[in-house]
Amino acid sequence: MRTPELISPRSPRVIAARRLAKRHFRGKERRFIAEGPQAVREAVEHRSGGEPTLTELFTTVEAAERYAEIMDAARAAGARVHYASDAVLADVSQTVTPQGLVGVCRFLDSPFEEILKARPRLVAVLAHVRDPGNAGTVLRCADAAGADAVVLTDASVDLYNPKSVRASVGSLFHLPVAVGVPVEQAVQGLQDADVRILAADGAGDRDLDTELDAGTMGGPTAWIFGNEAWGLPEETRALADAVVRVPIHGKAESLNLATAAAVCLYASARAQRAAGGCRSVTSA
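The opening position of the sequence shown corresponds to residue 841 in our numbering, with each subsequent residue numbered one higher.
Now the structure itself:
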């Protein structure tokens, strides 16, 4: 079998994909980069606005052989396939050691109104979260806990930052995500949909264990998670129905954002299952 011809590093397709590392061009093109077999596999199966989410795929010859099923699915979905060198993939994906597959995908965020219409029972709201790795990890935690949606406020990091996409490990393609929603609008909309708003804050006047023991967490709940360094501003905490802290039983000074989010989301998911009002977060 003849070895496929590699695309030139100066190809317009490579240049266009490389530009997606910058937020301005991502917004202009409404495209983003998904790197690695897990993310690309999820992108192939996902549809955005009725269209396949994956539009182009850059791959090394070795990766194309190793992930033949992904290649077949990408072609069946109508994606353009380009064979490239490791250097080109590293340039496009902005990673030192790319995993052999880099996809170009359509934006897939959902309108906030559609999330509300679905009557969500568990939502993660990222307010003032600036670190892309943390944003992607919280999205992954929300997916694992069985959340119905994630909302990124207008003061938070870009959902499609390559580091956010990598940190989500494919979860970006699993649940609805709304972006650019003012925190006041997010809270008001969720409250109007009968969702209780809990602000996660280390200085909260309520304790997560106490809330669980009191049986107050079985209903629809949205958790607001704040900035990694300074948490939630007072005006945001004031919007919540309660400000809840994760108890520290040992000598640790605090928990990082993603760890605290995982604890809070799983606590709500378990309480909702116990109340008989939420689907299981584990596989059947």
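In this text, a Cβ means the ideal position worked out from N, Cα and C, and glycines have one as well.
By Cβ distance, which residues of its chain are closer than 6 Å to residue 1123, with the 5 residues on each side in sequence left out?
-> Its pLDDT being 36, under 50, residue 1123 is placed unreliably in this model, and the value from its coordinates should be taken loosely. Excluding residues within five positions, none has a Cβ falling inside 6 Å.
Quick one: residues in its chain with C-beta nearer than 7 Å to the C-beta of residue 886, no 5 flanking neighbours on either side, listed in chain order?
-> 893, 948 and 1013
Looking at the unbroken beta strand (DSSP E) that takes in residue 1064, where does it start and where does it end?
-> 1061-1065
Taking 8 Å as the threshold, find out whether the region 950-962 comes into contact with the region 1048-1066 through three or more Cβ pairs.
-> yes
Can you tell me which of the three DSSP states residue 852 falls into?
-> helix
Decide if the region 1024-1040 is in contact with the region 996-1004; the criterion is three or more beta carbon pairs, one per stretch, under 8 Å apart.
-> no
Would you decide whether residue 1001 is buried or exposed? Buried here means 16 or more other CB atoms lie within 10 Å of its CB.
-> Result: buried.
Should residue 968 go down as buried or exposed, given a rule of 16 or more other Cβ atoms within 10 Å for buried?
-> Label assigned to residue 968: buried.
Looking only at C-alpha atoms, which of 906, 864 and 917 sits nearest to residue 890?
-> For the options 906, 864 and 917, the alpha carbon positioned closest to that of residue 890 is the one of 917.
Euclidean distance between Cα positions of residue 952 and residue 988 = 12 Å
Three or more C-beta pairs closer than 8 Å, one from the region 908-917 and one from the region 930-940: is that the case here?
-> no
Own chain partners of residue 973 with C-beta closer than 6 Å, once the 5 adjacent residues on each side are dropped | For residue 973, the CB contacts under 6 Å within the same chain, skipping 5 residues up- and downstream, are 1003 and 1007 in chain order.
What runs of the alpha helix (DSSP H), each 4 residues or longer, lie entirely inside the region 846-930?
-> 852-859, 863-869, 877-885, 901-906 and 908-916
Excluding five sequence neighbours on each side, which residues of the same chain lie with their C-beta closer than 6 Å to the C-beta of residue 1076?
-> 967 and 1023
What separation, rounded to the nearest whole angstrom, lies between the Cα atoms of residue 1011 and residue 1005?
-> 9 Å
Going along the chain, which residues of its own chain have a beta-carbon closer than 8 Å to the beta-carbon of residue 1087, five neighbours each way excluded?
-> 1047, 1048 and 1049
Own chain residues within Cβ distance below 6 Å of residue 971, not counting five before or after | The residues 1068, in chain order, have a CB closer than 6 Å to that of residue 971 in the same chain once the five nearest residues on each side in sequence are set aside.
Counting only the same chain and skipping the five closest in sequence on each side, list residues whose C-beta sits under 8 Å from that of residue 939.
-> 875, 876, 877 and 903
Assuming residue 942 contacts residue 979 under a Cβ cut-off of 8 Å, what Cβ separation, rounded to an integer in Å, is found between them?
-> Between residue 979 and residue 942 the Cβ distance is about 20 Å, and since that is not below 8 Å, they are no contact.
Who are the near neighbours of residue 1119 in its chain, counting only those whose CB is closer than 7 Å to its CB and skipping five residues on each side?
-> Confidence at residue 1119 is low in this model, with a pLDDT of 42, below 50, so the placement of that residue is unreliable and no value is reported for it.
Report, in whole angstroms, the separation of the C-beta atoms of residue 1055 and residue 1085, which I expect to be a contact under 8 Å.
-> With a Cβ gap of about 19 Å, residue 1055 and residue 1085 do not count as contacting.
Note down the Cα distance separating residue 857 from residue 928, rounded to an integer number of angstroms.
-> 10 Å
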